[in-house]
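Residue numbers (the numbering used here): 206 to 324. We treat Cβ as the ideally placed atom computed from N, Cα and C, and that holds for glycine.
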């Protein structure tokens, strides 16, 4: 599902929390793109947010980082929400990362297109 969702995006690097769920999320995309999956402790739920920010800012622009919903929400002080399995596109504005596009989880997309099933 992720390879299709991100087909139009260039990717040079994939980093992820070492938790199995995150690794599994990016594995198919990494295989499809021929990229290694880099495990990074800075993306763990209990990692200091300063360490997470430092990693994200250091990544090349065409990177994918897989972390946990609570980490992402903590990075933005709760100002943005994210359902489990969803993704945000972040863009750089100088040294600042700004969430610019939300990609709902595949599960909520399936519910939205199935008649009689509330989204």
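- So residue 286 is in the alpha helix (DSSP H); what residue range does that whole segment cover? It is not in any alpha helix (DSSP H) - residue 286 carries neither H nor E in the DSSP assignment.
- Query: The beta strand (DSSP E) with residue 297 in it runs from where to where?
  - Reply: Per DSSP, the continuous beta strand (DSSP E) segment holding residue 297 begins and ends at 292-298.
- Query: What is the DSSP secondary structure of residue 309, reduced to helix, strand or coil?
  - Reply: Three-state result, residue 309: coil.
- Query: Given a threshold of 16 other Cβ atoms within 10 Å of its Cβ, counted over all protein chains shown, does residue 270 qualify as buried or as exposed?
  - Reply: The residue in question, residue 270, is buried, as its Cβ has 16 or more Cβ neighbours within 10 Å.
- According to DSSP, is residue 235 helix, strand or coil? Three-state DSSP puts residue 235 in a helix.
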